[in-house]
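Taking this note's numbering, the leading residue of the sequence shown gets 322, the next gets one more, and so forth.
Glycine included, every Cβ here is placed at the ideal spot set by N, Cα and C.
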Amino acid sequence: MKIVTGGIAQETNTFQWEPTSLSDFTKGSSSIARGQEILDLDGTGGIYGGIVAEARRQGVELIPTTYGQAVPGGRVSREAFESLRDEILAGIRAAMPVDGVLLGIHGAMALEHSDDGEGPLITAVRELVGPDVPIVAPLDLHTNLSDEMMGEATAFVGYKEYPHIDMPETGRQAMQILIDTINGNVRPEMAYVRVPLIAPNQSMVTTWQSPLKDAIDRARDMEQEPGILAATVLGGFPFADVPFTGVATIVVADGDRALAQRYADELAQMCWDRREKFTIHPTPIAAAIDDALAGEPGSVYVLADISDSGASGTAGDGAEVLRGLL
Numbered sequence: 322m323k324i325v326t327g328g329i330a331q332e333t334n335t336f337q338w339e340p341t342s343l344s345d346f347t348k349g350s351s352s353i354a355r356g357q358e359i360l361d362l363d364g365t366g367g368i369y370g371g372i373v374a375e376a377r378r379q380g381v382e383l384i385p386t387t388y389g390q391a392v393p394g395g396r397v398s399r400e401a402f403e404s405l406r407d408e409i410l411a412g413i414r415a416a417m418p419v420d421g422v423l424l425g426i427h428g429a430m431a432l433e434h435s436d437d438g439e440g441p442l443i444t445a446v447r448e449l450v451g452p453d454v455p456i457v458a459p460l461d462l463h464t465n466l467s468d469e470m471m472g473e474a475t476a477f478v479g480y481k482e483y484p485h486i487d488m489p490e491t492g493r494q495a496m497q498i499l500i501d502t503i504n505g506n507v508r509p510e511m512a513y514v515r516v517p518l519i520a521p522n523q524s525m526v527t528t529w530q531s532p533l534k535d536a537i538d539r540a541r542d543m544e545q546e547p548g549i550l551a552a553t554v555l556g557g558f559p560f561a562d563v564p565f566t567g568v569a570t571i572v573v574a575d576g577d578r579a580l581a582q583r584y585a586d587e588l589a590q591m592c593w594d595r596r597e598k599f600t601i602h603p604t605p606i607a608a609a610i611d612d613a614l615a616g617e618p619g620s621v622y623v624l625a626d627i628s629d630s631g632a633s634g635t636a637g638d639g640a641e642v643l644r645g646l647l
């Protein structure tokens, strides 16, 4: 069995004016891994820590191409996207014929020339390998799900934790579904629902019983039922101003699209029924400063502007807290 892998992963904040260039994929904690460098990610805390481990456990020939991942930032430049895409396609072309493709993507990437980054990548891979080769990918919980993504992939599996402590586990699950599909043990049928709801990141945290966690817990239960290969609840990435931003659900069933749709509908309804609970009430800056000044002497207080988080792709140059202090 021969599986080829590679991908592009970046979470795009469309309100960040500076685009993410090709060189940005090599700065700081960003990186471009090629060939053996991808296989060396075995055992790490990202998706490839699970993807590579599961492939090796099952004796699969995993052929690495190129995997570029950048920290959250502005729209990915055309040059960066096309350069990395073409490297991936060249690697796949050199490996053909292949039995399957495992893509390493994020799910909320936007390009300078397109609101959807993952859709065009998956489409390009599909056009190369043909209609019968399965394409499977893990997705970040903050994915903004596009129609093109769903139209070209065979199966998606999303993270269920935020903070994302289950990335290797999700990579393993995606690889298992791909292997089972190639072996003819399962026939993935995928259904999805986009909920008309844009949620703040704070309402997606799974270390407490957030409204999103309620639906994710139900998705975990679904995956224990016969015929369900994967059940995913996506919170979306609210700092991407694209038409498909928001909460979405995906269910992958074995040979039963009606079952997949019914369960995707159920998860979507759970999110919609809890829509009021997604609202957060952050403390205004002036009140937060007053609370800190009135606090215990000698204590340390952190005043964080959650709308200017560099981890969500902003420039990190907001001065509202400083203005309040002055």
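Can you grab the Cα-Cα spacing for the pair residue i / residue j, in whole Å?
i: S633; j: S398; result: 18 Å
i: P708; j: Q582; result: No answer is possible for residue 708: it lies beyond the span of the chain, which begins at 322 and ends at 647.
i: S351; j: Y388; result: 11 Å
i: R493; j: E375; result: 5 Å
i: C277; j: K534; result: With the chain running from 322 to 647 in the structure shown, residue 277 is simply not present.
i: A520; j: R596; result: 9 Å
i: A589; j: V572; result: 11 Å
i: T635; j: S435; result: 19 Å
i: F558; j: V422; result: 26 Å
i: D487; j: A585; result: 21 Å
i: I368; j: I426; result: 9 Å
i: Q497; j: Q545; result: 15 Å
i: S531; j: K598; result: 8 Å
i: N504; j: E382; result: 14 Å
i: P605; j: A536; result: 30 Å
i: G440; j: A609; result: 42 Å
i: G438; j: V621; result: 41 Å
i: T502; j: E358; result: 27 Å
Taking 8 Å as the CB-CB cut-off, is residue i touching chain B?
i: G634; result: Absent from the structure: chain B. Only one protein chain is present.
Whose CA, out of the options, lies closest to the CA of residue i?
i: Y483; options: D538, T444, V446; result: D538
i: H602; options: I627, D586, R595; result: I627
i: E400; options: I571, E433, E473; result: E433
i: P393; options: G366, M470, P385, G349; result: G349
i: L643; options: S630, A636, L624; result: L624
i: E264; options: P452, I456, L460, R578; result: This structure cannot settle anything about residue 264, because the visible part of the chain is limited to 322 through 647.
i: F477; options: D461, P489, D487; result: D461
i: L283; options: R355, V621, A608, T600; result: Outside the displayed span of the chain (322 to 647) sits residue 283, for which this structure offers no information.
i: W338; options: L646, E641, G637; result: G637
i: T333; options: V563, M543, E546; result: V563
i: D468; options: Y513, I368, A431; result: Y513
i: G576; options: R377, A608, T475, R447; result: T475
i: M471; options: R508, I456, W529; result: I456
i: G548; options: R355, T502, V507, Q523; result: V507
i: K481; options: P452, T528, G438, T502; result: T528
i: G479; options: L442, I359, G631, R541; result: R541
i: R355; options: E408, T502, F402, L343; result: E408
i: T335; options: R396, E448, N522; result: R396
Which residues mark the beginning and the end of the alpha helix (DSSP H) in which residue i is found?
i: D649; result: With the chain covering only 322 through 647, there is no way to say anything about residue 649.
i: K323; result: Note, K323: premise wrong, no alpha helix (DSSP H); beta strand (DSSP E) at 323-330.
i: F659; result: Residue numbering for the chain in the displayed model covers 322 to 647; residue 659 lies beyond these limits and cannot be assessed.
i: I359; result: 357-360
i: R447; result: 439-450
i: Y584; result: 578-594
i: Q494; result: 488-503
i: G370; result: 368-378
i: L614; result: 606-614
Along the chain, where does the beta strand (DSSP E) containing residue i start, and where does it finish?
i: V422; result: 421-424
i: A640; result: Element bounds for A640: n/a, residue is neither H nor E.
i: D575; result: 569-575
i: Y513; result: 509-515
i: L533; result: Looking at the DSSP string, L533 is not in any beta strand (DSSP E); the run it does join, the alpha helix (DSSP H), is 532-543.
i: A333; result: Looking at the sequence provided, one finds Thr at residue 333 rather than Ala. Counting along the chain, T333 falls outside any beta strand (DSSP E), and DSSP gives it neither H nor E.
i: T387; result: 382-390
i: P459; result: 456-460
i: L343; result: Where L343 is concerned, there is no enclosing beta strand (DSSP E), given that its DSSP letter is neither H nor E.
i: I549; result: 549-555
i: G479; result: 476-479
Give me, in chain order, the residues of the same chain whose beta-carbon lies closer than 7 Å to that of residue i; leave out the 5 immediate sequence neighbours on both sides.
i: L405; result: I329, T387, G389
i: R515; result: L466, F565, G567, A569
i: A445; result: R406, L410
i: Q379; result: I500
i: M525; result: L462, Y483, S531, L533, G556
i: G366; result: M488, P489
Output needed for residue i: all residues of its chain with C-beta closer than 6 Å, excluding positions within five of it in sequence on either side, in chain order.
i: L424; result: G328, A458
i: A391; result: Q331, T341, D345, F346, S351
i: D363; result: V373, A374
i: T464; result: G428, A429, L555
i: G639; result: D626, D629
i: A416; result: V325, I384
i: P489; result: G370, G371
i: F402; result: L432
i: G631; result: G637
Going along the chain, which residues of its own chain have a beta-carbon closer than 8 Å to the beta-carbon of residue i, five neighbours each way excluded?
i: V419; result: K323, I324, V325, I384, I413, V450, V454
i: A607; result: G645
Problem - Three or more C-beta pairs below 8 Å linking the region 547-565 and the region 604-615 - result: Output reads no: the region 604-615 does not touch the region 547-565.
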